[in-house]
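Q: Just passing along the structure, written as structure tokens.
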Amino acid sequence: MDAHEVNRVRATLALYVADVFASVPRKDQRAKGDCYLRGLMLDGRRKSIQAMASRLPDGNEQNLQQFVNQSTWDPVPVQRRICERMLPLIDPTAWVIDDVSVPKDGRMSVGVAPQYCGALGKRANCQVAVSVHAASDTASCPLQWRLFLPTEWASDTGRRTVTRVPPEVTHREKWRLALDMLDTLAGWGMRPPVVVADAAYGTNAHLRTELADRQLADILAVRADVTAHPFDAKPVAPDRNGPVGCRPTPRSPTWSVWPRVRRRIEHDYRELKHGLGLDHFEGRSWPGWHHHVTLVTAAHAFLTEQRLAPKAPAPVSPSTKSSTPSRTS
């Protein structure tokens, strides 16, 4: 969005912030949230705090740094309110379990470690976050995020203290983080129409069992070398005249959900990362990371609401082009 477009929706954004950030106790903090969202939505190559502050007339870098990295506001009620607004609007056909990796230098940013980095397609130093998205053919929205904490971080008291990782947070496998998020959403009275995930999750038998125990429908990809059979299946000797070919199984229309929502999630991940700066956070702390991804989610949800709103001009997705000369009023 350019400066003119941001100004056009500013009054609507103020109402949105008042609702979504109602749990944030101080008025000045909510004002900083409004400012941060405008910085994320405004065109620009970098969405670091310094870069965003330079584009906004009310963009005070020190205030935004304090709001994101030092302030103690709880992101969870904000996430819940976003879910309450977005689920009825999107009317999702599925919830998608996914993860995203962000290459990082050094070892002091929370959760950074040598591990598989999907963004690079190889093992590299990076952060990894697991997410659950609500998706339909036309829109999607992140509902929950969990930062993956590698095993070497779980027992590293020094790094945990510096990055303010809560004592109760330990290493948990990514599939367990996905279940934690589904359980959190269930506690808010939110249930998926169907859970879908790629083979990185679907191949895990523990995840499949836990979803079944929760009576959640799922469409999970598995690796090509995985075999499955009904629990009560009995082996049958092949016919002595040779094996009998399997009859083709009719494909349920439900299976078509996966490729459609996969494309939708990939499209929206590009907007989250390249347009809204999901991977531009330069802070190192656990609270700062969760504040940033919550604010990015809020910005993405606002843009989605505007696109789906009847009789409203659809906002243009944030561009990565530089907008330093253009400042909103």
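Quick note, the working numbering runs 235 ahead of the 1-based positions in the sequence shown.
Where a beta carbon is used, it is the ideal one built from N, C-alpha and C, also for glycine.
If you're wondering where the values come from, they're calculated on a predicted model, not measured in any experiment.
#1: Please list the segments of the alpha helix (DSSP H) lying wholly inside the segment 284-313, counting only runs of 4 or more residues, in order along the chain.
#2: Let me make sure I understand the geometry here. Which of Asp372, Trp521, Ala459, Leu530 has the alpha-carbon closest to that of Ile325?
#3: Between Gly274 and the ligand NAP, is the CB less than 7 Å from at least one heavy atom?
#4: Restricting to Cα atoms, I'd like to know which of Arg519, His509, Ala364 is closest to His535.
#5: Compare the Cα-Cα distances from Gly353 to each of Ala288, Ala435, Asp254 and report the closest residue.
#6: How would you label Lys357, buried or exposed, when you count the other beta carbons within 10 angstroms and need 16 or more for buried?
#7: Out of Gln450, Arg443, Ala447, state which residue places its alpha-carbon closest to the alpha-carbon of Ala456.
#8: CB Asp293 to CB Cys270, shorter than 8 Å?
#9: For a test of the three-state rule: what should DSSP assign to Ala536, helix, strand or coil?
#10: Going by DSSP, what residue range makes up the beta strand (DSSP E) through Gln350?
#11: Short check: CB of His527 to CB of Gly518, under 8 Å?
#12: For Ala413, which option in Met236, Cys376, Leu530, His368 has the closest C-alpha, if you only look at C-alpha atoms?
#13: By DSSP, does Asn242 sit in helix, in strand, or in coil?
#14: Counting Cβ pairs closer than 8 Å, one from the segment 375-383 and one from the segment 499-507, do we hit at least three?
#15: Given a threshold of 16 other Cβ atoms within 10 Å of its Cβ, counted over all protein chains shown, does Ser390 qualify as buried or as exposed?
#16: Please give me, in chain order, every unbroken run of the beta strand (DSSP E) with length at least 3 that falls completely inside the segment 322-390.
#17: Taking the CB atoms as reference points, tell me whether Thr398 and Val335 lie closer together than 8 Å.
#18: Which of the three DSSP states is assigned to Tyr251 in this structure?
#19: Using DSSP with H/G/I as helix, E/B as strand and the rest coil, what is Asp503?
#20: Specify, as a first and last residue, the run of the alpha helix (DSSP H) that Val397 falls within.
#21: To which residues does DSSP link Ile205 through a beta bridge?
#22: Taking Cβ to Cβ, would you say Pro327 is nearer than 8 Å to Gln350?
#23: On the DSSP bridge list, what partners appear for Val208?
#24: Please specify which runs of the alpha helix (DSSP H), each continuous and at least 4 residues long, are wholly inside the segment 401-425, giving them in chain order.
#25: Name the two residues that bound the continuous alpha helix (DSSP H) containing Ala266.
#26: Between Phe383 and Val365, which are expected to be in contact by the criterion C-beta below 8 Å, what is the C-beta distance as a whole number of angstroms?
#27: Beta-carbon within less than 6 Å of Met300's beta-carbon, same chain only, minus the 5 sequence neighbours each way: which residues are those?
#28: Taking the alpha helix (DSSP H) that Glu517 falls in, what are its first and last residues?
#29: From this set, Asp433, Gly523, Lys469, which residue's C-alpha is nearest Ala459's C-alpha?
#30: Going by other Cβ atoms of all chains shown within 10 Å of its Cβ, with 16 needed for buried, is His441 buried or exposed?
#31: If you draw a straight line from the alpha carbon of Glu240 to that of Gly437, how long is it in whole angstroms?
A: To lay it out plainly:
#1: Whole alpha helix (DSSP H) segments, 4+ residues: 284-290, 296-300.
#2: Measuring from the Cα of Ile325, the nearest candidate turns out to be Asp372.
#3: In the structure shown, the ligand NAP is absent, as is every other ligand, since no ligand is present at all.
#4: Considering only Arg519, His509, Ala364, the residue with the shortest C-alpha distance to His535 is His509.
#5: Its Cα nearest to that of Gly353, the residue Ala435 stands out among Ala288, Ala435, Asp254.
#6: Label assigned to Lys357: exposed.
#7: The shortest C-alpha separation from Ala456 is found at Arg443.
#8: With contacts defined as CB atoms closer than 8 Å, Asp293 and Cys270 qualify as a contacting pair.
#9: The answer is helix: DSSP assigns Ala536 an H, G or I state.
#10: Segment 348-352, the beta strand (DSSP E) holding Gln350.
#11: In this structure, His527 places its C-beta atom within 8 Å of the C-beta atom of Gly518.
#12: Comparing Cα positions, the closest option is His368.
#13: Note: Asn242 maps to helix in three-state DSSP.
#14: Contact between the segment 375-383 and the segment 499-507 is established, with three or more Cβ pairs separated by less than 8 Å.
#15: Ser390 should be labelled exposed.
#16: Correct list: 329-338, 348-352, 357-370, 375-382.
#17: No.
#18: Three-state DSSP puts Tyr251 in a helix.
#19: Three-state result, Asp503: helix.
#20: Note, Val397: alpha helix (DSSP H), 392-398.
#21: An answer regarding residue 205 cannot be provided, because it is not within the stretch 236 to 564 covered by the chain.
#22: At the C-beta level, Pro327 and Gln350 stay beyond 8 Å of one another.
#23: No information on residue 208 is available, as it lies outside the stretch 236 to 564 that the chain covers here.
#24: Every alpha helix (DSSP H) of 4 residues or more that sits fully in the segment 401-425 is shown, in chain order, as 409-422.
#25: 262-276 is the span of the alpha helix (DSSP H), which, as asked, contains Ala266.
#26: Indeed, because the Cβ distance is near 6 Å, the residues count as touching under 8 Å.
#27: Note that residue 300 is Gln in the sequence shown, not Met. Closer than 6 Å at the Cβ level, and outside the excluded window around Gln300, lie Ile284.
#28: Counting along the chain, Glu517 falls outside any alpha helix (DSSP H), and DSSP gives it neither H nor E.
#29: The candidate whose alpha carbon is nearest that of Ala459 is Asp433.
#30: His441 is classed as exposed because its beta carbon has fewer than 16 other beta carbons within 10 Å across all chains shown.
#31: Distance between the alpha carbons of Glu240 and Gly437: 42 Å.
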